[in-house]
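Enquirer: Before I ask anything, let me first share the structure, which is written out below as structure tokens.
Now the structure itself:
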């Protein structure tokens, strides 16, 4: 059997968490519609629960996409630069992204602590559980961005491999 | 200083920072420098978006499309399309266009449509001596139809960002979608005649065979009818309709005997992936939107644009040109999310129906996806079929002409979009 790397395990964790969250989300919305028509008392918790798990789908999913380099960017200008300038500009972009995700992770942590005493109106779920998703996501993105920068600056690669353009948006 | 976040946004996008992060960082700079609000509000704004019920429609309709492809629904709809148009000259190309239209009623994503047809139909077309550039161009250009035919992710995003009724937008897309299908089929017929592409079948398929194909795809075709009908009659909201569509496509896939347990993992992953990328841009835009509202940017831009002209025809022309320019550099979904809240106040000011404008704007930005320099649909198709961008473009010129003509027609004949949503249904008798 092939030995799984750390990245593989991380991918499995991401897929499991987001997959489960998506399943719960779909089931909750469905249950909401069905109970509205079938029972006299429609379930009010469904929209709240679907919202909370949706946060997890979005942020953990975004973290997975970050790792795969799948977020949409506009490579037009950078690609037209000479190789040396390209390297400098991409480095600058990577550093700025690192600073941004690190700071956002810090802010999310603050919201998570504050959210411990705030409960959701119907199900009494503390908001910490909501902000845990962006906190994990942005922390992991920070780690990943830092690691990539470190590897990238230590190895004199002429060009960083570009993410495949397959992903794109989904209009 | 008022415009600092805008400058930061443009700079970050220019140096290649992913759009979602560029928008979010620009939004964050407002919270940092203005001191008007506690900085934590930034994260709160980003996260709050994911709690909005209308936006849940996005993953639900993406999920529906993914299930259809795994559940054998796409295949059966293709057989139906082939039975209907296979006898025409350039038969497979016509199947390609019709399939986009029929599938448009189920899944709402042009990218998924283009990818699916590039994998399934284009190899078949190549086997029958179609030029690869032509088959790729037909695939990418016809996938635009699936965005306009409801349900469409683009329409949902426009409705959400612009505070416009998504149900009305869905209805508004039907007639323009059918017109797009018809005109693209005409263009295909013209090119195919010139190049002498053969039909699939020698003769017109008999109605018995067609009937059988229709029965095969019948269950699947009930899904769009159920979704649109349910929304129109007020049975459910677009989000609830999305959940019903997921349920129905699951049931149909199981009835066809093609949906298996091992499909679940990949289905969920594909959906999460596509959803997260779009939604992160929306989250970021929500934080950035706080700045725009604070500085009253939409109002200022509206005033500026209206000072140029207050004539609705000229204004729409101006906006269309602007959108085409934006679409050259920024990916369509991102542009749609960012610009909708800015443009909707402008057009409502001169009395243009935001539902009509929604069709125009979504179509415009989707067309940008098949035209150079930055065309997501073009990249998706070319990378799968392996054709060069240059060959793709030269083969796509006739379709570009059709698409831009249709854009103009749909821009200046609002009735095409509006008559269906404005149609009064007197069911109460």
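Chains as they are written, first to last, in the numbering used here: chain A, 1 to 171; chain B, 172 to 600. C-beta atoms are modelled at their ideal positions from N, C-alpha and C, and glycine is treated no differently. Computed from a prediction, not measured in an experiment: that's the story for all the values here.
For a cutoff of 8 angstroms on Cβ pairs, would you count residue 73 of chain A as touching chain B?
Expert: On the first chain, residue 73 of chain A is found 73 positions in, with the first residue counted as 1. Closer than 8 angstroms to some Cβ of chain B, the Cβ of residue 73 of chain A qualifies, so yes.
Enquirer: Of all the CB atoms in chain A, is at least one closer than 8 angstroms to the CB of residue 528 of chain B?
Expert: Looking up residue 528 of chain B in the second chain gives position 357. It does not; no Cβ of chain A falls within 8 angstroms.
Enquirer: Among the candidates B:256, B:226, B:339, whose CA atom is the shortest distance from the CA of residue 359 of chain B?
Expert: Working through the second chain from its first residue, we reach residue 359 of chain B at position 188. With distances taken between Cα atoms, residue 359 of chain B lies closest to B:256.
Enquirer: Taking three-plus beta-carbon pairs below 8 angstroms as touching, is the stretch 378-387 of chain B in contact with the stretch 198-211 of chain B?
Expert: Short answer: they don't touch.
Enquirer: What three-state label does DSSP hand residue 126 of chain A in the structure shown?
Expert: Taking the first chain and counting its residues from 1, one reaches residue 126 of chain A at position 126. In the structure shown, residue 126 of chain A sits in a strand (DSSP, three-state: E or B).
Enquirer: Along the stretch 422-433 of chain B, where does the CB come closer than 8 angstroms to a CB of chain A? Name the residues.
Expert: Within the stretch 422-433 of chain B, no residue qualifies.
Enquirer: So, does the CB of residue 459 of chain B fall closer than 8 angstroms to a CB anywhere in chain A?
Expert: For the purposes of this step, residue 459 of chain B is identified with residue 288 of the second chain, where counting begins at 1. For residue 459 of chain B, the answer is no, since every Cβ of chain A falls outside 8 angstroms of its Cβ.
Enquirer: So if DSSP puts residue 119 of chain A in a beta bridge, which residue, or which two residues, is it bridged to?
Expert: Locating residue 119 of chain A in the first chain gives position 119, where the first residue counts as 1. Paired residues: A:126.
Enquirer: Residue 108 of chain A touches chain D at which residues, Cβ-Cβ below 7 angstroms?
Expert: Checking the listed chains, one finds no chain D in this structure; the protein chains it contains are A and B.
Enquirer: If I'm right that residue 99 of chain A touches residue 45 of chain A with Cβ under 8 angstroms, what's the distance once you round it to whole angstroms?
Expert: Within the first chain, the letter at position 99 stands for residue 99 of chain A. Within the first chain, the letter at position 45 stands for residue 45 of chain A. About 39 angstroms; that fails the 8 angstroms criterion.
Enquirer: Taking C-beta pairs closer than 7 angstroms, name the residues in chain A that residue 407 of chain B reaches, listed in chain order.
Expert: As a first step, residue 407 of chain B must be located in the second chain, where it is residue number 236. Within 7 angstroms Cβ-Cβ: 33.
Enquirer: Residues of chain A with CB closer than 7 angstroms to the CB of residue 410 of chain B, please, in chain order.
Expert: Counted from its first residue, the second chain places residue 410 of chain B at position 239. Per Cβ cutoff of 7 angstroms: 29.
Enquirer: Might you give, ordered along the chain, the residues of its own chain that have their beta carbon closer than 6 angstroms to the beta carbon of residue 159 of chain B, omitting 5 neighbours on each side?
Expert: Outside the shown range of chain B, which is 172 to 600, sits residue 159 of chain B, and nothing can be said about it.
Enquirer: For residue 75 of chain A and residue 313 of chain B, I'd like the C-alpha separation in whole angstroms.
Expert: Translated into the one-based positions of the first chain, residue 75 of chain A becomes position 75. Translated into the one-based positions of the second chain, residue 313 of chain B becomes position 142. When rounded, the distance between both Cα atoms is 26 angstroms.
Enquirer: Taking residue 374 of chain B as the reference, give the member of B:535, B:260, B:515 with the closest Cα.
Expert: Taking the second chain and counting its residues from 1, one reaches residue 374 of chain B at position 203. Nearest C-alpha to residue 374 of chain B: B:260.
Enquirer: Jot down the residue ranges of each uninterrupted alpha helix (DSSP H) in the stretch 521-585 of chain B, minimum 4 residues, whole runs only, in chain order.
Expert: Entirely contained in the stretch 521-585 of chain B, the alpha helix (DSSP H) runs reaching 4 residues are, in chain order, 525-538, 547-556, 560-583.
Enquirer: Can you grab the Cα-Cα spacing for the pair residue 153 of chain B / residue 305 of chain B, in whole Å?
Expert: This structure gives no information on residue 153 of chain B, because the portion of chain B shown stretches from 172 to 600.
Enquirer: At which residues does the alpha helix (DSSP H) containing residue 343 of chain B begin and terminate?
Expert: The count along the second chain starts at 1 and reaches residue 343 of chain B at position 172. First-last of the alpha helix (DSSP H) with residue 343 of chain B: 337-366.
Enquirer: Assuming residue 281 of chain B and residue 335 of chain B form a contact by the criterion Cβ under 8 angstroms, report the distance between their Cβ atoms to the nearest whole angstrom.
Expert: In the second chain, counting from the first residue as 1, residue 281 of chain B sits at position 110. In the second chain, counting from the first residue as 1, residue 335 of chain B sits at position 164. Between residue 335 of chain B and residue 281 of chain B the Cβ distance is about 20 angstroms, and since that is not below 8 angstroms, they are no contact.
Enquirer: Buried or exposed: which applies to residue 5 of chain A, given that a residue is buried once 16 or more other Cβ atoms fall within 10 Å of its Cβ?
Expert: Residue 5 of chain A sits at position 5 when you count from the first residue of the first chain. The residue in question, residue 5 of chain A, is exposed, as its Cβ has fewer than 16 Cβ neighbours within 10 Å.
Enquirer: Quick check on residue 153 of chain A: buried or exposed, where buried means 16 or more other Cβ atoms within 10 Å of its Cβ?
Expert: By one-based count along the first chain, residue 153 of chain A stands at place 153. Exposed, by the Cβ-count rule.
Enquirer: Does the beta-carbon distance from residue 252 of chain B to residue 266 of chain B come in below 8 angstroms?
Expert: Mapped onto the second chain, residue 252 of chain B falls at position 81. Mapped onto the second chain, residue 266 of chain B falls at position 95. Cβ atoms of residue 252 of chain B and residue 266 of chain B: closer than 8 angstroms.
Enquirer: Could you please tell me which residues of the stretch 439-458 of chain B, in chain order, have their CB closer than 8 angstroms to any CB of chain A?
Expert: Hits within the stretch, in order: 439, 440, 442, 443, 444, 445, 446, 447, 448, 449, 450, 451, 452, 454.
Enquirer: For residue 583 of chain B, is the classification buried or exposed, using 16 other Cβ atoms within 10 angstroms of its Cβ as the cut-off for buried?
Expert: In the second chain, the residue the question calls residue 583 of chain B occupies position 412. So residue 583 of chain B counts as exposed.
Enquirer: Using a Cβ cut-off of 7 angstroms, pull out every chain A residue sitting near residue 186 of chain B, in sequence order please.
Expert: Taking the second chain and counting its residues from 1, the one referred to as residue 186 of chain B is at position 15. Neighbours of residue 186 of chain B on chain A, chain order: 78, 89, 92, 93.
Enquirer: Quick one: is residue 145 of chain A near chain B, going by C-beta distance under 8 angstroms?
Expert: Here residue 145 of chain A corresponds to residue number 145 of the first chain, with the count starting at 1. No, its Cβ sits nowhere closer than 8 angstroms to a Cβ of chain B.
Enquirer: Would you give the residue range spanned by the alpha helix (DSSP H) that residue 71 of chain A belongs to?
Expert: The residue labelled residue 71 of chain A in the question sits at position 71 within the first chain. Segment: none, residue 71 of chain A is in no alpha helix (DSSP H) and carries neither H nor E.
Enquirer: Beta-carbon of residue 396 of chain B versus every beta-carbon of chain A: anything under 8 angstroms?
Expert: The sequence position of residue 396 of chain B within the second chain is 225, counting from 1. Not an interface residue.
Enquirer: In whole angstroms, give me the CA-to-CA distance for residue 344 of chain B and residue 3 of chain A.
Expert: Stepping through the second chain from its first residue, residue 344 of chain B is reached at position 173. Stepping through the first chain from its first residue, residue 3 of chain A is reached at position 3. Going from the Cα of residue 344 of chain B to the Cα of residue 3 of chain A covers about 51 angstroms.
Enquirer: Just reading off the alpha helix (DSSP H) that residue 40 of chain A is part of, what are its end residues?
Expert: As a working note, residue 40 of chain A is residue 40 in the first chain. Taken as a continuous stretch (DSSP letters only), residue 40 of chain A belongs to no alpha helix (DSSP H), as it is neither H nor E.
Enquirer: Would you call residue 95 of chain A buried or exposed, if buried means 16 or more other Cβ atoms sit within 10 Å of its Cβ?
Expert: Here residue 95 of chain A corresponds to residue number 95 of the first chain, with the count starting at 1. Looking at its Cβ environment, which holds fewer than 16 other Cβ atoms inside 10 Å, residue 95 of chain A is exposed.
Enquirer: Taking three-plus beta-carbon pairs below 8 angstroms as touching, is the stretch 229-248 of chain B in contact with the stretch 386-401 of chain B?
Expert: Yes, since at least three Cβ pairs between the stretch 229-248 of chain B and the stretch 386-401 of chain B fall closer than 8 angstroms, the two stretches touch.
Enquirer: Under 8 angstroms between the Cβ atoms of residue 339 of chain B and residue 526 of chain B?
Expert: Working through the second chain from its first residue, we reach residue 339 of chain B at position 168. Working through the second chain from its first residue, we reach residue 526 of chain B at position 355. Contact flag set, yes.
Enquirer: Between the Cα of residue 446 of chain B and the Cα atoms of A:148, A:15, A:21, A:58, which residue gives the shortest distance?
Expert: Taking the first residue of the second chain as 1, we reach residue 446 of chain B at position 275. For residue 446 of chain B, the nearest C-alpha among the options comes from A:58.
Enquirer: Run through chain B and tell me which residues come within less than 8 angstroms of residue 50 of chain A, C-beta to C-beta.
Expert: Against the first chain, residue 50 of chain A aligns to sequence position 50. The contacting residues are 224, 227.
Enquirer: Could you tell me which chain B residues have their CB closer than 7 angstroms to the CB of residue 18 of chain A, listed as they occur along the chain?
Expert: Here residue 18 of chain A refers to the residue found at position 18 when the first chain is read from its first residue. Those are 443, listed as they occur along chain B.
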